[in-house]
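Take a look at the structure below.
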DNA sequence: GGTTACAGTGAACGACCGTACACTGAACAG
DNA sequence: CTGTTCAGTGTACGGTCGTTCACTGTAACC
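Chains as they are written, first to last, in the working numbering: chain A, 1 to 219; chain B, 1 to 219.
And the structure:
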């Protein structure tokens with residue numbers, strides 16, 4: 001048996017080489033609160049979280065929570081901000097000028113796949129709370145509508161869509177967003193190894209939708 | 001001023017002409033619990049409900065709750081059963097042999113609209129809990145997958161889809177289901193007077209999807 | 001008509017909740 | 001070096017939670 005010390009049982013050295021200013025420490029605790037909340041939210045709705053749970057998860061005493069947020073709802077808003085930042089990053093990343101439909105489709109789906117796998121907590125939170133009701137759901141809804149609007153503008157640049165009415169463009173954009181959201185949920189619920197099948201189906205769905213575009217008459 | 005008595009302030013006559021057996025009374029209380037829960041769920045997730053709240057809503061003392069359900073989770077399961085019964089009713093109602101795509105589309109959307117408006121609580125519960133995680137979400141997911149499977153079988157009867165692989169048929173069915181779910185959520189979030197616009201958009205989305213069908217190559 | 005089954009009552013418990021308040025000690029400003 | 005600021009502590013409160021237990025009154029049964 002080794003006489004090595006299990007370092008996990010020792011008090012952690014207080015940040016070896018970083019003196020850390022006061023506001024830095026505060027920011028870290030704030031982030032620890034957000035991280036703890038996000039972790040607890042892996043399989044429960046936000047409304048079932050308690051302030052005390054989150055504080056304990058972040059390693060602080062309940063009353064210290066108020067140094068960072070006035071209420072759980074305020075933390076929820078911060079959580080929406082953080083996660084929609086990830087969402088916007090994904091959108092920016094997916095907006096690479098595409099040549100063909102097929103190229104655009106597979107590139108977009110690949111981007112979604114990549115971002116979901118790299119930020120599962122964020123996307124789980126977004127999709128869970130999107131339909132949960134309450135102020136957070138409304139905030140997420142607003143964000144998604146903004147996204148859909150941007151997408152409609154992007155779509156308008158495509159030759160086959162040049163003549164579409166803005167209303168029809170929004171209809172198409174919403175349709176694409178809802179396919180993407182469905183795909184995200186499927187990825188989050190997937191057992192390991194199912195990713196390829198899910199992204200494949202997602203590409204098919206988008207292809208089918210876009211297949212109808214050249215034949216569209218607004219009625 | 002009339003001297004009529006406001007009957008709402010009187011104790012209700014204990015079921016005027018019905019002697020009501022014991023098991024009838026029990027069933028009524030059970031239903032009152034389900035109704036109370038559904039009402040409380042209008043703007044909060046199931047996981048945030050307390051047993052005491054539901055019992056109070058049903059007009060019984062908390063401990064009497066256990067005469068009907070062993071736990072809140074068991075009540076949740078019963079709620080899923082009740083609401084999916086409504087869902088199945090809608091599906092049965094929508095499955096009227098259609099002649100044309102357009103006829104099928106508008107008839108289906110009209111059925112969805114009608115059922116959602118007649119059972120808002122049920123559909124709100126289903127769409128809210130669908131993505132909320134936990135055992136209820138899983139039960140609802142199973143139910144939706146059954147529904148999608150049935151739809152795939154129905155679709156296979158259509159001439160243009162006769163040659164499609166079962167996999168592609170499921171892809172199409174899932175796509176249609178997700179459009180319908182999106183529509184349901186939109187209807188539940190709608191302000192009064194917006195219904196026509198929402199159902200119109202839903203029809204457009206379905207038309208666009210089905211427009212691609214004749215040009216589909218699986219690849 | 002006497003007995004039983006059982007839906008609903010009411011008091012009590014220990015656990016957890018949000019929040020108030022007074023505090024400590026280290027980073028900071030002068 | 002000295003005084004201030006403030007993130008984090010510890011105690012304490014009143015309220016709600018799920019669950020226990022002994023109970024009551026009446027419908028149902030023989």
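No residue lacks a Cβ here, since even glycine has one placed at the ideal position from N, Cα and C.
| query | result |
| --- | --- |
| Partner residues on chain A for residue 192 of chain B, Cβ-Cβ distance less than 8 Å | Within chain A, no residue comes near residue 192 of chain B; the closest Cβ sits about 18 Å away, beyond 8 Å. |
| Nonlocal neighbours in the same chain, by C-beta distance under 7 Å from residue 29 of chain B, ignoring five residues either side | 58, 60 and 68 |
| Within chain B, partners of residue 43 of chain A - CB distance below 7 Å | 133 and 134 |
| Contact set between residue 47 of chain B and chain A, taken where Cβ atoms lie within less than 9 Å | 44, 45, 47 and 48 |
| Sub-8 Å separation of residue 80 of chain B and residue 140 of chain B beta-carbons | yes |
| Residue 108 of chain A classed as buried or exposed, judged by whether at least 16 other C-beta atoms fall within 10 angstroms | buried |
| Proximal chain B residues relative to residue 212 of chain A, where beta-carbon distance stays under 9 Å | 207, 208, 209, 210, 211, 212, 213 and 215 |
| For residue 150 of chain A, the first and last residue of its enclosing alpha helix (DSSP H) | 134-156 |
| Chain B contacts made by the region 161-180 of chain A, where a contact means CB separation under 8 Å | 168, 171, 172, 174, 175, 178 and 179 |
| Backbone CA spacing between residue 206 of chain B and residue 176 of chain B [nearest angstrom] | 7 Å |
| Interface positions of the region 110-122 of chain A facing chain B (Cβ-Cβ less than 7 Å), listed along the chain | none |
| Residue 42 of chain A and residue 121 of chain A closer than 8 Å at C-beta | yes |
| The ligand SAM heavy atom lying under 7 Å from the CB of residue 34 of chain A | Absence of the ligand SAM is noted for the structure shown, with no ligands found whatsoever. |
| Contacting positions in the region 58-79 of chain B - beta carbon closer than 7 Å to chain A | none |
| Proximity test, Cβ basis, 8 Å: residue 20 of chain B and chain A | no |
| Pair within 8 Å by beta-carbon distance, residue 116 of chain A and residue 188 of chain A | yes |
| Cβ shell of residue 45 of chain A (< 6 Å), same chain only, five flanking positions each side left out | 132 |
| Chain A residues whose Cβ lies nearer than 8 Å to that of residue 130 of chain B | 131 |
| Whole-Å CB distance - residue 127 of chain B paired with residue 184 of chain B, under 8 Å assumed | 6 Å |
| Interface partners of residue 201 of chain A on chain B, CB under 7 Å | 171 |
| Exposure of residue 216 of chain B, with buried meaning 16 or more beta-carbon neighbours within 10 Å | buried |
| Three-state secondary structure (DSSP) of residue 168 of chain A | helix |
| Where residue 99 of chain B falls, given that 16 or more other Cβ within 10 Å makes a residue buried | exposed |
| Proximity test, Cβ basis, 8 Å: residue 54 of chain A and chain B | no |
| Minimum Cβ-Cβ distance from residue 127 of chain A to chain B less than 8 Å | yes |
| Closest residue to residue 169 of chain A among B:124, B:201, B:165 and B:64 (Cα-Cα distance) | B:201 |
| Start-to-end residues for the alpha helix (DSSP H) that takes in residue 101 of chain A | 101-118 |
| Residue 86 of chain B versus B:137, B:118 and B:129, residue with shortest Cα-Cα distance | B:118 |
| Short CB-CB distance (under 8 Å) between residue 185 of chain B and chain A | yes |
| Neighbouring residues, chain A, relative to residue 182 of chain B (Cβ below 8 Å) | 174 and 178 |
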